[in-house]
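J.: Below are the structure tokens for one structure; questions will follow.
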Amino acid sequence: MGKTGHAVLVAALFVAAVAVVPGGAVAADGLAVTGEQADDGTVTVTVTENSTAVANASVTVEALNNSTYAGAGSYETGENGTVDLAAPEQNVTVDVTAEANNTTATTTLDLVASTDDTSDELAVGVTQADDGSAAVSVTTNGTGVPNASVAVAAQDNVSYAGEGNYAADENGTVGLPAPEQNVTVDVTADADNQTATTTATLTVSENATDEDAFGARVSAFVRALQLDGNMSGQAVAEFVTANNPGADNRSDTANQGPPEDAGNDESEDDADADDEPEDDESDADGESNDDNGNGNDSDDEKGNSDTGNNGNGNGGGNGNGNGNGPP
């Protein structure tokens, strides 16, 4: 054979060799399956063939080492050749098998539980009503946390009646009194070994009255006593007496008793009224006496006239004149 015949034979053998390899160079790529885990813990499985997404491929996910994984099961890829898997609640290793066009591909993935899941994190917020009062809300995943510990501290040495420690009610809320001046507060909540903090600025409400603010202060004081286990009616009374804003508007005589001479004028009038009849009676008696005296005079005059110069008149009004007059 010449050189030409030898070259033809070599070319024929090469073509035959390529033909016996299924898919030829394409088979070198073949079916492939991969998985990628996002920051939030979710997993995306992708099935490709010759770097092209394979739709409707069957995908099976199996957890190894007797682990539990919510994403275990059978799936079918979408048009983009992908399957989405749930984030694991714990670290887990899984086998992922893909089948398409009578071809199988397998991969093993180590999935890690996410540490950035904020759904169960403790949260605290503060809202202020139109009357100036405020409410602290402690929640986990949007649900109130009963009995959560709440601490309220005013910044910049500003005085605020709502400062102190509280326990959230059954709804996870704590009520705070309206401030008497604008104040910024730090609010810290603790529950289930978690801590949440927020800062809120409380402003004086235009609708709030001194009575509203005072009532809120009394409520806060009572709550503080209850939390300390020192609830005392006497303590509340003393607080009310010392802090009642109405005390500044009382009249000067609000706490005074009756004046020292109260009632004396009336007594003197009564005494004068009592004295007046006595004077009338005395006058009447005097007039009676005058009448008696006149009677005596009359008797005397009569006696003198009738009996002569030696008559004796008795002042009883009955004059007996015994005298010897001239013949």
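For the sequence shown, my numbering begins at 4 and goes up steadily by one.
Every residue gets a Cβ at the ideal spot worked out from N, C-alpha and C, and that includes glycine.
Keep in mind the model is a prediction, meaning the values are calculated, not measured.
Please list the terminal residues of the continuous beta strand (DSSP E) segment that includes Q131.
T.: 125-131
J.: Could you check what DSSP says for E241 in three-state terms: helix, strand or coil?
T.: E241: helix per DSSP, three-state reduction.
J.: What are the complete beta strand (DSSP E) segments, minimum 3 residues, inside the region 43-127?
T.: Scanning the region 43-127 from its first residue to its last, the whole beta strand (DSSP E) runs of 3-plus residues come out as 46-52, 61-66, 76-79, 85-88, 95-103, 106-114.
J.: Among T51, N69, V95, whose alpha-carbon lies nearest the alpha-carbon of T45?
T.: Of the candidates T51, N69, V95, the residue whose Cα lies closest to the Cα of T45 is V95.
J.: Residues in its own chain within less than 7 Å of S136 by CB, not counting five upstream and five downstream?
T.: G178, L179, P180, A181, A219
J.: Going along the chain, which residues of its own chain have a beta-carbon closer than 8 Å to the beta-carbon of V207, five neighbours each way excluded?
T.: G135, A181, P182, E183, Q184, N185
J.: Give me, in chain order, the residues of the same chain whose beta-carbon lies closer than 7 Å to that of G3; leave out the 5 immediate sequence neighbours on both sides.
T.: Because the chain is modelled from 4 through 330, residue 3 falls outside the range shown and cannot be assessed.
J.: Any chance the region 98-118 sits against the region 149-157, with 3 or more Cβ pairs inside 8 Å?
T.: no
J.: Sort Q158, G145, T51, A138 by Cα distance to D172 and report the nearest one.
T.: A138
J.: Exposed or buried, what is N292 when buried is set at 16 or more other beta-carbons lying within 10 Å of its beta-carbon?
T.: Unreliable placement is indicated for N292, whose pLDDT of 45 sits below 50; the coordinate value is still reported in the next sentence. It is exposed - the Cβ of N292 has fewer than 16 other Cβ atoms within 10 Å.
J.: Where does G74 land, buried or exposed, given buried means 16+ other C-beta within 10 angstroms?
T.: buried
J.: Measuring alpha carbon to alpha carbon, tell me which residue in E65, A89, S61, G84 is nearest S54.
T.: G84
J.: Within its chain, find whatever has a CB closer than 6 Å to the CB of A199; leave out the 5 residues flanking it on each side and keep chain order.
T.: L125, A126, V127, A192
J.: Hey, could you find the ends of the beta strand (DSSP E) T191 is sitting in?
T.: 186-194
J.: Which word fits A101, buried or exposed, when buried means at least 16 other C-beta atoms lie within 10 angstroms of its C-beta?
T.: buried
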